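**Student:** Mind having a look at this structure? Questions to follow.
Protein chains: 2
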Amino acid sequence: MLPPAHLLVVAVGAALLLAFRPPLPALAARPIVAAAGGKPAPTEAAATARWLAAQNTWGVLRLSPSQFLCRLLARDPLLFGGTDCTISSDLSGAPFGNVVSYSDGVPGESHGIPYFYLTTLDPTARDALEDERTSFTLSEFPLGTCGKIDPENPTCAKLTLTGKLKLIDPQSSEADLAKEALFTKHPEMEGWPKNHHFQIFKLEIKNIFLIDWFGGPKPISPTEYLEYEKNRALLKSS
Amino acid sequence: MLPPAHLLVVAVGAALLLAFRPPLPALAARPIVAAAGGKPAPTEAAATARWLAAQNTWGVLRLSPSQFLCRLLARDPLLFGGTDCTISSDLSGAPFGNVVSYSDGVPGESHGIPYFYLTTLDPTARDALEDERTSFTLSEFPLGTCGKIDPENPTCAKLTLTGKLKLIDPQSSEADLAKEALFTKHPEMEGWPKNHHFQIFKLEIKNIFLIDWFGGPKPISPTEYLEYEKNRALLKSS
Numbered sequence: 001m002l003p004p005a006h007l008l009v010v011a012v013g014a015a016l017l018l019a020f021r022p023p024l025p026a027l028a029a030r031p032i033v034a035a036a037g038g039k040p041a042p043t044e045a046a047a048t049a050r051w052l053a054a055q056n057t058w059g060v061l062r063l064s065p066s067q068f069l070c071r072l073l074a075r076d077p078l079l080f081g082g083t084d085c086t087i088s089s090d091l092s093g094a095p096f097g098n099v100v101s102y103s104d105g106v107p108g109e110s111h112g113i114p115y116f117y118l119t120t121l122d123p124t125a126r127d128a129l130e131d132e133r134t135s136f137t138l139s140e141f142p143l144g145t146c147g148k149i150d151p152e153n154p155t156c157a158k159l160t161l162t163g164k165l166k167l168i169d170p171q172s173s174e175a176d177l178a179k180e181a182l183f184t185k186h187p188e189m190e191g192w193p194k195n196h197h198f199q200i201f202k203l204e205i206k207n208i209f210l211i212d213w214f215g216g217p218k219p220i221s222p223t224e225y226l227e228y229e230k231n232r233a234l235l236k237s238s
Numbered sequence: 001m002l003p004p005a006h007l008l009v010v011a012v013g014a015a016l017l018l019a020f021r022p023p024l025p026a027l028a029a030r031p032i033v034a035a036a037g038g039k040p041a042p043t044e045a046a047a048t049a050r051w052l053a054a055q056n057t058w059g060v061l062r063l064s065p066s067q068f069l070c071r072l073l074a075r076d077p078l079l080f081g082g083t084d085c086t087i088s089s090d091l092s093g094a095p096f097g098n099v100v101s102y103s104d105g106v107p108g109e110s111h112g113i114p115y116f117y118l119t120t121l122d123p124t125a126r127d128a129l130e131d132e133r134t135s136f137t138l139s140e141f142p143l144g145t146c147g148k149i150d151p152e153n154p155t156c157a158k159l160t161l162t163g164k165l166k167l168i169d170p171q172s173s174e175a176d177l178a179k180e181a182l183f184t185k186h187p188e189m190e191g192w193p194k195n196h197h198f199q200i201f202k203l204e205i206k207n208i209f210l211i212d213w214f215g216g217p218k219p220i221s222p223t224e225y226l227e228y229e230k231n232r233a234l235l236k237s238s
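From first to last, the protein sequence lines are chains A and B.
Everything in the first sequence is counted per the UniProt record's numbering, starting at 1 for the first residue and increasing by one.
Everything in the second sequence is counted per the UniProt record's numbering, starting at 1 for the first residue and increasing by one.
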C-alpha cells in the first residue's frame with residue numbers, strides 16, 4: 001500500500017532537512033532540544049537519558065586509579081596543594097569518585113556526549129586514562145523535578161554512563177565546539193587560571209545504565225542514545 | 001602554672017558531661033548539630049566534611065564489581081526487572097556508581113557515618129561486598145549554598161568517603177538507630193515493599209577526601225571526622 005501523499009511530503013521534507021543539516025563532525029550526535037518538553041515519559045528511555053544529560057550541569061566522575069590521582073594532585077600544587085602521594089597510596093586500589101562539571105552542548109541543543117574541563121595530566125597518567133574505564137553518574141534529584149519523591153526511588157531518574165575518558169586535541173574543531181558547550185553552561189570556566197592547564201576531555205560512551213521507573217534498568221545502546229533525535233525524526237516521517 | 005579556677009570548673013564540667021553522656025555503641029561518633037551554624041569556615045576541614053554529610057540526603061555510591069551488580073539485578077525482578085547478566089558482563093571490570101539515599105543521623109543530630117537502605121544481596125555478593133572497597137561522593141552544590149559558584153570550583157565543597165560497605169545485623173541496636181536516622185530523613189523508605197528485602201548498610205570510613213577551598217584536598221583522618229564534636233568540646237574546655 002502506498003503511503004498517503006501528505007505523509008510522503010513530510011518524509012521527503014524530513015529527509016531533505018536531515019540531508020542539509022550542517023555537518024557536526026565532532027559532536028556527531030543529533031541535538032535534542034532539552035528545555036522545551038520537560039521530562040520525557042518513562043516509556044521513552046533514550047529520551048529520558050538524553051534529557052537528564054542535557055538538564056544537569058554536574059555529576060560524579062569515577063577517576064582513574066590512585067596513581068592518576070596522585071599525579072593529578074602533584075601536578076597542580078596551586079589548586080590541589082601538591083602531595084607526596086600519601087593520599088594516593090592510602091587509596092591504593094580503591095574506587096574513587098569526584099564531583100565535576102560537564103556540558104553535552106550549548107543550552108537547548110545538546111548532543112549527549114559529556115565534555116569536561118579538567119586539569120592537564122602528564123603523559124603517563126594520560127596513557128593510563130586512555131586505558132581506563134570510567135563511569136559518570138547523574139541524578140534527576142537536583143533538578144527539582146522529582147518533587148517530594150526520594151532520590152533513591154526508581155521514578156527519580158538516575159543515569160550512569162560508562163566508557164573511556166578521552167583527552168581532546170586542543171587544536172581540533174571538536175575542542176572548539178566542546179569549549180562553547182562548556183563555557184556557555186559554566187561561564188566561570190573561561191576565567192580559570194591558565195597555569196592550571198585545564199584541558200578538555202570527553203566520555204566515550206560504551207554502556208548506559210538508566211533507572212527511571214519500577215521494573216529495572218532500561219536497555220539503551222549508545223547508538224540509540226546518541227542518535228535519539230535522528231531516530232525520532234525518522235519515526236515521525238515514516 | 002595552674003589553670004584559673006573558672007577554666008578548671010569548665011573542664012571538669014565538660015569531662016562530667018562527656019562521662020555521663022548516654023552511650024551510643026552503634027553510632028559511636030559524637031553528634032554534630034548541623035542546622036545551627038551554616039557552612040563552617042574553610043579552615044575547619046573536619047567540621048565542613050561533617051556539615052556536608054549531615055546536610056545532604058543522597059550521593060553517588062560506587063557499587064561493587066559487575067558480579068555484584070548482576071546478582072543485585074537478578075535478585076529483585078520487581079524493582080530491577082531481572083536480568084540475564086548481559087548488562088553485568090558488558091560492564092565487566094568497569095567502575096560503577098549509582099545514586100543512593102543515606103542518612104548519618106536524625107535531623108540536627110548527625111554522627112558522620114552514612115547509613116543506606118538497599119535491597120538484600122545473596123550471601124556470595126554479601127561476602128564480595130565485605131571485601132570490596134567502596135567510595136561515596138557528595139557535593140555541596142545541590143544544597144544551594146554554593147550560590148552562583150560552579151559545581152567544579154574548589155570552593156563549592158566536595159566530599160568522597162572511601163571505605164567498606166557493611167551489612168548491618170537487622171536485629172542489632174545499630175540497625176534500630178540507623179532505621180530511625182534513615183526513616184526520619186527519607187520517610188517514604190518505611191513504606192517500601194517488604195518483598196524487596198531492603199536492608200541496612202553502613203560505610204565503614206577508611207579515607208576522607210575533602211575539597212572545600214583552593215590549595216588541595218584537606219587531610220582529615222576518620223577519627224578527626226567521626227569525633228569532631230568531641231574534639232571541639234575538649235578544645236573549648238581546655
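Glycine included, each C-beta is placed from N, C-alpha and C at the ideal position.
Note that the structure is a prediction, hence the values are computed from the model and not measured.
Does DSSP classify Gly-191(A) as helix, strand or coil?
**Tutor:** Residue numbering aside, residue 191(A) sits at position 191 when the first sequence is read from its first letter. If DSSP states are grouped into helix, strand and coil, Gly-191(A) belongs with the helices.
**Student:** Helix, strand or coil for Glu-140(A), going by three-state DSSP, please let me know.
**Tutor:** As a first step, residue 140(A) is located in the first sequence; it is residue number 140 there, counting from the start. Correct three-state label for Glu-140(A): coil.
**Student:** To which residues does DSSP link Thr-134(B) through a beta bridge?
**Tutor:** In the second sequence, residue 134(B) corresponds to position 134, counting from 1. Per DSSP, Gly-163(B).
**Student:** To the nearest angstrom, report how far apart Arg-62(B) and Trp-213(A) are at their CA atoms.
**Tutor:** Your numbering for residue 62(B) matches position 62 in the second sequence. Your numbering for residue 213(A) matches position 213 in the first sequence. Each residue's alpha carbon lies about 21 Å from the other.
**Student:** Taking 7 Å as the threshold (beta carbon to beta carbon), is Thr-160(B) in contact with chain A?
**Tutor:** Here residue 160(B) refers to the residue found at position 160 of the second sequence. Yes, Thr-160(B) lies at the interface with chain A (some Cβ there is under 7 Å from its Cβ).
**Student:** Less than 8 Å between the CB atoms is what I'm expecting for Tyr-115(B) and Leu-182(B), so what's the real figure, rounded?
**Tutor:** Working through the second sequence from its first residue, we reach residue 115(B) at position 115. Working through the second sequence from its first residue, we reach residue 182(B) at position 182. Taking the Cβ atoms as the reference, Tyr-115(B) lies roughly 6 Å from Leu-182(B), within the contact range of under 8 Å.
**Student:** If the criterion is Cβ atoms closer than 7 Å, does the pair Leu-210(B) and Lys-218(B) meet it?
**Tutor:** Taking the first residue of the second sequence as 1, we reach residue 210(B) at position 210. Taking the first residue of the second sequence as 1, we reach residue 218(B) at position 218. Judged by their CB atoms, Leu-210(B) and Lys-218(B) are nearer to each other than the 7 Å cut-off.
**Student:** Could you tell me the alpha carbon to alpha carbon distance between Leu-159(B) and Tyr-117(A), rounded to whole angstroms?
**Tutor:** One-based indexing of the second sequence puts residue 159(B) at position 159. One-based indexing of the first sequence puts residue 117(A) at position 117. For Leu-159(B) and Tyr-117(A), the distance between alpha carbons rounds to 19 Å.
**Student:** Are the Cβ atoms of Tyr-225(B) and Ala-47(B) separated by less than 7 Å?
**Tutor:** Position 225 of the second sequence, counted from the start, is the residue given in the question as residue 225(B). Position 47 of the second sequence, counted from the start, is the residue given in the question as residue 47(B). Going by C-beta atoms, Tyr-225(B) is not nearer than 7 Å to Ala-47(B).
**Student:** If you measure from the beta carbon of Gly-147(A) to each beta carbon in chain B, is any gap under 7 Å?
**Tutor:** For the purposes of this step, residue 147(A) is taken as the residue at position 147 of the first sequence. Cβ-Cβ to chain B under 7 Å: no for Gly-147(A).
**Student:** Along the region 33-60 of chain B, what residues have a CB closer than 7 Å to any CB found in chain A?
**Tutor:** Taking 7 Å as the upper bound on Cβ-Cβ separation, chain A lies near residues Thr-57, Trp-58 and Val-60 of the region 33-60 of chain B.
**Student:** Buried or exposed: where does Asp-150(A) fall if 16 or more other Cβ atoms within 10 Å of its Cβ makes it buried?
**Tutor:** Taking the first sequence and counting its residues from 1, the one referred to as residue 150(A) is at position 150. Per the 10 Å Cβ criterion, buried.
**Student:** Mind checking His-111(B): buried by the 16 CB within 10 Å criterion, or exposed?
**Tutor:** For the purposes of this step, residue 111(B) is taken as the residue at position 111 of the second sequence. So His-111(B) ends up on the buried side.
**Student:** Quick one: is Ala-41(A) buried, meaning 16 or more other Cβ sit within 10 Å of its Cβ, or exposed?
**Tutor:** The residue you call residue 41(A) lines up with position 41 of the first sequence. Label assigned to Ala-41(A): exposed.
**Student:** Cα separation between Cys-146(A) and Thr-155(A)?
**Tutor:** Within the first sequence, the letter at position 146 stands for residue 146(A). Within the first sequence, the letter at position 155 stands for residue 155(A). C-alpha separation (whole angstroms): 8 Å.
**Student:** Considering only C-alpha positions, which residue in the set Gly-97(A), His-186(A), Arg-133(A) and Gly-215(A) is nearest to Asp-104(A)?
**Tutor:** Residue numbering aside, residue 104(A) sits at position 104 when the first sequence is read from its first letter. The residue among Gly-97(A), His-186(A), Arg-133(A) and Gly-215(A) with its C-alpha nearest the C-alpha of Asp-104(A) is His-186(A).
**Student:** Reducing DSSP to helix, strand and coil, say where His-186(B) ends up.
**Tutor:** In the second sequence, counting from the first residue as 1, residue 186(B) sits at position 186. Coil at His-186(B), not helix or strand.
**Student:** For Pro-222(B), which residues in the same chain have their Cβ closer than 6 Å to its Cβ, ignoring the five residues on either side in sequence?
**Tutor:** The residue given as residue 222(B) occupies position 222 in the second sequence. These residues qualify, in order along the chain: Ile-205.
**Student:** Just to make sure I have the definition right: I need the residues of chain B whose C-beta is within less than 8 Å of the C-beta of His-186(A). Which are they?
**Tutor:** Within the first sequence, the letter at position 186 stands for residue 186(A). Result: Asp-150 and Glu-152.
**Student:** State buried or exposed for Glu-188(B), treating a residue as buried only when at least 16 other CB atoms are found within 10 Å of its CB.
**Tutor:** As a position in the second sequence, residue 188(B) is number 188, starting the count at 1. Burial call: exposed.
**Student:** Relative to the C-alpha of Glu-140(A), which residue among Val-100(B), Gly-215(B) and Ile-220(B) is closest?
**Tutor:** Taking the first sequence and counting its residues from 1, one reaches residue 140(A) at position 140. Per the Cα distances, Val-100(B).
**Student:** Pro-170(B) CB to nearest chain A CB: under 7 Å?
**Tutor:** Position 170 of the second sequence holds residue 170(B). So, not an interface residue.
**Student:** To which residues of the same chain is Lys-179(A) closer than 7 Å at the C-beta, ignoring the five residues directly before and after it?
**Tutor:** If you number the first sequence from 1, residue 179(A) lands on position 179. Result list for Lys-179(A): Ile-200, in chain order.
**Student:** Using three-state DSSP, classify Pro-217(A) as helix, strand or coil.
**Tutor:** Residue mapping note: residue 217(A) aligns to position 217 of the first sequence, counting from 1. Pro-217(A) falls in the coil class under three-state DSSP.
**Student:** Helix, strand or coil for Asp-176(A)? Go by DSSP, reduced to three states.
**Tutor:** Here the question's residue 176(A) lines up with position 176 in the first sequence. Three-state result, Asp-176(A): helix.
**Student:** With 7 Å set as the bound, which would you pick, yes or no: does the beta-carbon of Val-100(B) sit closer than that to a beta-carbon of chain A?
**Tutor:** The count along the second sequence starts at 1 and reaches residue 100(B) at position 100. Yes, its Cβ sits closer than 7 Å to a Cβ of chain A.
**Student:** Does the ligand HEM have a heavy atom nearer than 6 Å to the CB of Pro-107(B)?
**Tutor:** The ligand content of the structure shown is nil, which means the ligand HEM is not present either.
**Student:** Just checking: is the beta-carbon of Thr-137(B) within a distance shorter than 7 Å of some beta-carbon in chain A?
**Tutor:** As a position in the second sequence, residue 137(B) is number 137, starting the count at 1. Taking Cβ atoms only, chain A reaches closer than 7 Å to Thr-137(B), which makes this a yes.
**Student:** Starting from Pro-114(A), trace the alpha helix (DSSP H) in both directions and tell me its first and last residue.
**Tutor:** Along the first sequence, read from residue 1 onward, the residue named residue 114(A) stands at position 114. Not the alpha helix (DSSP H): Pro-114(A) falls in the beta strand (DSSP E), residues 109-119.
**Student:** Select from Asn-153(A), Thr-57(A), Pro-193(A) and Val-106(A) the residue whose C-alpha is nearest the C-alpha of Thr-119(A).
**Tutor:** In the first sequence, counting from the first residue as 1, residue 119(A) sits at position 119. Selected option, being the one with the closest Cα: Pro-193(A).
**Student:** Would DSSP call Glu-229(B) helix, strand or coil?
**Tutor:** The sequence position of residue 229(B) within the second sequence is 229, counting from 1. Three-state result, Glu-229(B): helix.
**Student:** Helix, strand or coil: how does DSSP classify Glu-152(A) here?
**Tutor:** On the first sequence, residue 152(A) is found 152 positions in, with the first residue counted as 1. Glu-152(A) falls in the coil class under three-state DSSP.
**Student:** Could you tell me which of Ile-113(B), Glu-152(B), Thr-43(B) and Lys-148(B) sits nearest to Ser-135(B), measuring between CA atoms?
**Tutor:** As a working note, residue 135(B) is residue 135 in the second sequence. Checked all of Ile-113(B), Glu-152(B), Thr-43(B) and Lys-148(B); the closest Cα to Ser-135(B) is Ile-113(B).
**Student:** Residues of chain B with CB under 8 Å from Phe-141(A), in chain order?
**Tutor:** Taking the first residue of the first sequence as 1, we reach residue 141(A) at position 141. Within 8 Å Cβ-Cβ: Trp-58, Val-99 and Pro-142.
**Student:** What residue range is occupied by the uninterrupted alpha helix (DSSP H) comprising Gln-199(A)?
**Tutor:** Here residue 199(A) is taken as the residue at index 199 of the first sequence, counted from 1. Note, Gln-199(A): premise wrong, no alpha helix (DSSP H); beta strand (DSSP E) at 198-211.
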